[in-house]
Amino acid sequence: MAASPFTVFGAAGFVGARLVAHLGALGHEVRAVGRDSWPKPGEALGHVLFTVGMTAQFRGRPFETVETQTLRAYEALRSYRFESFLYLSSTRLYQGAGATAEETPILARPATADAIYNLTKATAECLCLSLDDPAVRVVRLSNVFGPENDSELFVSDVMREAAATGRLVFRSAPASAKDYVHVADVAELLPRIALSGRERLYNLAFGRNVSNRAIGDALAACGIDIAYQDGAPEISFPQIDIARLMREFPRPTRGLLAAVPELLEAAQKRVQT
181 MAASPFTVFG AAGFVGARLV AHLGALGHEV RAVGRDSWPK PGEALGHVLF TVGMTAQFRG
241 RPFETVETQT LRAYEALRSY RFESFLYLSS TRLYQGAGAT AEETPILARP ATADAIYNLT
301 KATAECLCLS LDDPAVRVVR LSNVFGPEND SELFVSDVMR EAAATGRLVF RSAPASAKDY
361 VHVADVAELL PRIALSGRER LYNLAFGRNV SNRAIGDALA ACGIDIAYQD GAPEISFPQI
421 DIARLMREFP RPTRGLLAAV PELLEAAQKR VQT
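Every number in the numbering used here is 180 more than the matching position in the sequence shown, counting from 1.
Shown next, in the form of structure tokens:
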């Protein structure tokens, strides 16, 4: 990949920080943009990677969710010059859908708990894809994990509890399953999509779901005592279709189960400090 100038919005976040480090290691000029360090309007930013977004706290912060996931994207698209613009959306948009290919119609149920997250992402997607510019793209990102992540999301919560107590009680059923993609694969693929993607909308996922039972078994092999809450609900998401991604780019290779020992060790070190 030839050296190109990149600007990463949301550079202090989990994905944004990893992108900044990865691009810098490849020799790219990287501008890291945080919440209070936005460029002046009209500046040329090269290839923009827009990673700004909410995490598990969105349910209690609806106004901030709208601002972060929709209005900030609008401001960036309207205010700056760029060679390409890549907006990070989410595979959560496929919740309740019968398929997960990029052209699948999105189901919108505004009164549901997750609607504020899904619809603000979908609105920003609509803005990006309505622009007559093939260099403005959207990536729907799966559940990202990595050893440095200490957020309130599922994998981080699981590892934190296991590290702190030596025991883990799952509060969703053993058959519950989702797709998880390693942040290292994400950091490698996003710049490639920004520079050479032939499509305007991609799913970026591992492409295979992992169940709670499989995660529990992997943690048990590390010495963690595993239990499942009686009557816990099954919470599963559809397997994400990554055929479009794989037609142009390498498939993500770092699976969650193989990474469990590394994730647990990182969580244990955080607990000890």
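Backbone N, C-alpha and C define an ideal beta-carbon position, used for all residues, glycine too.
All of these numbers come straight from a predicted model, not from anything done at the bench.
Next on the checklist: Going by DSSP in three states, Lys220 sits in which element: helix, strand or coil?
Outcome noted: Position 40 of the sequence shown, counted from the start, is the residue given in the question as residue 220. Note: Lys220 maps to coil in three-state DSSP.
Item to check | Member of Val319, Glu283, Asp313, Leu273 whose CA lies at the smallest distance from the CA of Ala302 | outcome: As a working note, residue 302 is residue 122 in the sequence shown. Looking at the Cα atoms, Leu273 is the closest of the given residues.
Next on the checklist: Cutting at 6 Å between CB atoms, please list the residues of its own chain near Arg252, excluding the five before and the five after it.
Outcome noted: For the purposes of this step, residue 252 is taken as the residue at position 72 of the sequence shown. Excluding residues within five positions, the ones whose Cβ falls inside 6 Å are Val232.
Item to check | Start-end ranges of the alpha helix (DSSP H) lying completely within the stretch 286-371, minimum 4 residues | outcome: 295-310, 334-345
Checklist entry - Which full runs of the alpha helix (DSSP H) of 4+ residues lie inside the stretch 426-451, going along the chain? => result none
Checklist entry - Between the C-alpha atoms of Glu445 and Asn298, what's the straight-line distance to the nearest angstrom? => result Sequence index remark: in the sequence shown, residue 445 carries index 265 (1-based). Sequence index remark: in the sequence shown, residue 298 carries index 118 (1-based). For Glu445 and Asn298, the distance between alpha carbons rounds to 33 Å.
Checklist entry - Going by C-alpha distance, which of Leu206, Phe262, Ala183, Val200 is nearest Pro219? => result The residue labelled residue 219 in the question sits at position 39 within the sequence shown. Per the Cα distances, Phe262.
Checklist entry - Between Leu375 and Glu209, what straight-line distance do the alpha-carbon atoms span, to the nearest angstrom? => result Here residue 375 is taken as the residue at index 195 of the sequence shown, counted from 1. Here residue 209 is taken as the residue at index 29 of the sequence shown, counted from 1. Their Cα atoms are separated by approximately 14 Å.
Item to check | Host beta strand (DSSP E) of Ser416 (start-end) | outcome: Taking the sequence shown and counting its residues from 1, the one referred to as residue 416 is at position 236. Unbroken run through Ser416: none, as it is neither H nor E.
Checklist entry - beta strand (DSSP E) containing Ser184: first to last residue? => result Within the sequence shown, the letter at position 4 stands for residue 184. Taken as a continuous stretch (DSSP letters only), Ser184 belongs to no beta strand (DSSP E), as it is neither H nor E.
Next on the checklist: Cutting at 8 Å between CB atoms, please list the residues of its own chain near Gln237, excluding the five before and the five after it.
Outcome noted: One-based indexing of the sequence shown puts residue 237 at position 57. These residues qualify, in order along the chain: Glu332.
Checklist entry - Is DSSP giving His208 helix, strand or coil here? => result Residue mapping note: residue 208 aligns to position 28 of the sequence shown, counting from 1. Coil, per DSSP.
Checklist entry - Span of the alpha helix (DSSP H) holding Tyr254? => result Within the sequence shown, the letter at position 74 stands for residue 254. That run of the alpha helix (DSSP H) goes 252-259.
Item to check | Proximity winner among Asn329, Phe429, Ser352, Leu225, relative to Ala192 (alpha-carbon distances) | outcome: Residue 192 sits at position 12 when you count from the first residue of the sequence shown. The residue with the shortest Cα to Cα distance from Ala192 is Asn329.
Item to check | Nearest-angstrom Cα separation, counted from Ser217 out to Val319 | outcome: Stepping through the sequence shown from its first residue, residue 319 is reached at position 139. Stepping through the sequence shown from its first residue, residue 217 is reached at position 37. Roughly 24 Å between the two C-alpha positions.
Item to check | Glu368 burial status per 10 Å Cβ neighbour count (16 or more: buried) | outcome: Position 188 of the sequence shown, counted from the first residue, corresponds to residue 368. By the neighbour-count rule (16 or more Cβ atoms within 10 Å), Glu368 is buried.
Item to check | Closest Cα partner of Ile420 within the set Gly403, Ile406, Asn389 | outcome: As a position in the sequence shown, residue 420 is number 240, starting the count at 1. When only C-alpha atoms are compared, the closest one is Asn389.
Checklist entry - Taking C-beta to C-beta, are Leu268 and Leu321 nearer than 8 Å? => result Here the question's residue 268 lines up with position 88 in the sequence shown. Here the question's residue 321 lines up with position 141 in the sequence shown. Yes, these two residues count as a Cβ contact at 8 Å.
Item to check | Own chain residues within Cβ distance below 8 Å of Ala295, not counting five before or after | outcome: Position 115 of the sequence shown, counted from the first residue, corresponds to residue 295. Excluding positions up to five away in sequence, the list reads Ala288, Arg289.
Checklist entry - In the structure shown, what three-state DSSP assignment does Phe238 receive? => result Along the sequence shown, one-based indexing puts residue 238 at 58. The answer is helix: DSSP assigns Phe238 an H, G or I state.
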